[in-house]
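So that you can map any letter, position 121 of the sequence shown is 121 in full-length UniProt numbering, and since no number is skipped, the others follow by simple counting. For each residue, glycine too, the CB sits at the ideal point set by N, CA and C.
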Amino acid sequence: KDTLIVWSEAENYDLALSFQEKAGCDEIWEKICQVQGKDPSVDITQDLVDESEEERFDDMSSPGLELPSCELSRLEEIAELVASSLPSPLRREKLALALENEGYIKKLLEIFHVCEDLENIEGLHHLYEIIKGIFLLNRTALFEVMFSEECIMDVIGCLEYDPSLSQSRKHREFLTKTAKFKEVIPISDPELKQKIHQTYRVQYIQDMVLPTPSVFEENMLSTLHSFIFFNKVEIVGMLQEDEKFLTDLFAQLTDEATDEEKRQELVNFLKEFCAFSQTLQPQNRDAFFKTLSNMGILPALEVILGMDDAQVRSAATDIFSYLVEYNPSMVREFVMQEAQQNDDVSRGSPEMCLEIDILLINLIIEHMICDTDPELGGAVLLMGLLRTLVDPENMLATANKTEKTEFLGFFYKHCMHVLTAPLLANTTEDKPSK
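Here it is in structure tokens:
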């Protein structure tokens, strides 16, 4: 049709893209045909199935694919079967079901141990091709088995024996001896701890173990990406619900007795925790940042930004950037409340008020001005955050009609002199000093 592009994919899915106008549809259609090397003037470019609908139905209703018995002597046959099944969506589906139903993966991993013990390199090369092919089946149920505590290291072991390489890789050695799991705050939930281990290893498989996928294979690994994504969502959710964990985290972050190395680990953890949150759906991300706000993340950052350790301050700046990008109004509300409390205290007991320079935004300005990086990387980041905070266009008039007036009034009263101080110092004699 003039405004529809329709195609079929695996598992008998019919998919369609719908466009409001014919021109937009034609433009996308031409680009698709250009990539496929086909003529855009032809309405049907997807290869039609050779068999008739009746034959196709017979194939669908026929018995499932029969796997060879899982034996060392038949590894080559199994590898050929997996490779020949990948191009056909129907055969991929049948192969995946057969592997699930017969508990085949665990049997393959038992043979892997035999091959390693016997130093059977040919068998190990076949197992590499088999396991790689199983990844390309893109099946969650198979991943659940492969990434279980019982199997995942053996799966990684199989993928060490890439036949295209002259020597096997030492991935298991890296994961067991080099990569160390360090708890900056003790995690009491064994399920959470196991989930963190699993996610790290699966991410390692995706980034370091599996060969770089081709354009076609990339689509066949979508379920692997989803597996990692949902694991991260679960980890963030479980940590977020552990009130004791978060309370201990913020208490140690701001405790003057915490040594520098420990504080750096805590700040780096919080930074990674916030980075994980970027994978959350908007509703879950709202709950995440609301929890951090309630736990006192902004007062904690204010304390950390006032410390001497440059690495800790840099990580704290990254965390602050997540907060500003997520909800600048939340940050504005905090700094205005802080200034108001300071004004109230100064009226009652002037000697008790805070120095105005340690207000959160003034700390940000000072770090921007005093950036020691020759390329001013940190200063540029802080400048962007400051610009976001003072930009009247992103101040929500519907949520708080006075936010623009109040915040800009606060900024000019409490912060502008800090921002302009270097300029004024440079023109003390009514002309630039340099």
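Close beta carbons around residue i, own chain, < 8 Å, minus the five adjacent residues each side
{"i": "residue 228", "result": "199, 202, 203, 206"}
{"i": "residue 388", "result": "324, 325, 328, 394"}
{"i": "residue 82", "result": "95, 129, 130, 133, 134"}
{"i": "residue 287", "result": "240"}
Three-state class that DSSP yields for residue i in the structure shown
{"i": "residue 6", "result": "strand"}
{"i": "residue 17", "result": "strand"}
{"i": "residue 424", "result": "helix"}
{"i": "residue 180", "result": "coil"}
{"i": "residue 262", "result": "helix"}
{"i": "residue 306", "result": "coil"}
{"i": "residue 230", "result": "helix"}
{"i": "residue 103", "result": "coil"}
{"i": "residue 220", "result": "coil"}
{"i": "residue 394", "result": "helix"}
{"i": "residue 275", "result": "helix"}
{"i": "residue 24", "result": "helix"}
{"i": "residue 334", "result": "helix"}
{"i": "residue 135", "result": "helix"}
{"i": "residue 186", "result": "coil"}
{"i": "residue 485", "result": "This structure leaves residue 485 out entirely; the chain is present only between 1 and 434."}
{"i": "residue 69", "result": "coil"}
{"i": "residue 244", "result": "helix"}
{"i": "residue 412", "result": "helix"}
Counted within 10 angstroms of its Cβ, other Cβ atoms place residue i as buried (16 or more) or exposed
{"i": "residue 135", "result": "buried"}
{"i": "residue 275", "result": "exposed"}
{"i": "residue 317", "result": "buried"}
{"i": "residue 361", "result": "buried"}
{"i": "residue 123", "result": "buried"}
{"i": "residue 294", "result": "exposed"}
{"i": "residue 52", "result": "Here residue 52 scores only 43 on pLDDT, less than 50, and its place in the model is too uncertain to base an answer on."}
{"i": "residue 85", "result": "buried"}
{"i": "residue 101", "result": "exposed"}
{"i": "residue 138", "result": "buried"}
Closest by C-alpha distance to residue i, when choosing among the options
{"i": "residue 131", "options": "119, 252, 107", "result": "107"}
{"i": "residue 252", "options": "189, 304, 147", "result": "304"}
{"i": "residue 379", "options": "308, 313, 92, 332", "result": "313"}
{"i": "residue 110", "options": "146, 80, 86, 89", "result": "146"}
{"i": "residue 437", "options": "267, 256, 210, 359", "result": "Absent from the model: residue 437. The displayed extent of the chain is 1 to 434, so no value can be given."}
{"i": "residue 23", "options": "306, 370, 3", "result": "3"}
{"i": "residue 296", "options": "265, 331, 306, 278", "result": "331"}
Proximal residues to residue i (C-beta, below 6 Å), its chain only, five neighbours per side dropped
{"i": "residue 425", "result": "none"}
{"i": "residue 76", "result": "126"}
Chain-order list of residues whose beta-carbon lies under 7 Å from that of residue i (same chain, five-residue window excluded)
{"i": "residue 50", "result": "Residue placement at residue 50 cannot be trusted, given a pLDDT of 44 that sits under 50; what the coordinates show is reported in the next sentence. The answer is none, since no qualifying residue turns up."}
heavy atom of the ligand MN below 7 Å from residue i C-beta
{"i": "residue 176", "result": "This structure lacks the ligand MN, and indeed carries no ligand of any kind."}
Notebook entry, point to check: Should the stretch 240 to 250 be regarded as contacting the stretch 143 to 158, the criterion being three or more beta carbon pairs within less than 8 Å?
Noted result: No, because fewer than three Cβ pairs between the stretch 240 to 250 and the stretch 143 to 158 fall closer than 8 Å, the two stretches do not touch.
Check: At a cut of 8 Å, does the stretch 142 to 156 reach the stretch 169 to 187 through at least three beta carbon pairs?
Finding: Taking 8 Å as the limit for Cβ pairs, the verdict is that the stretch 169 to 187 does touch the stretch 142 to 156.
Notebook entry, point to check: Are at least three pairs of beta-carbons, each pair with one atom in the stretch 180 to 192 and one in the stretch 242 to 254, less than 8 Å apart?
Noted result: Touching, yes.
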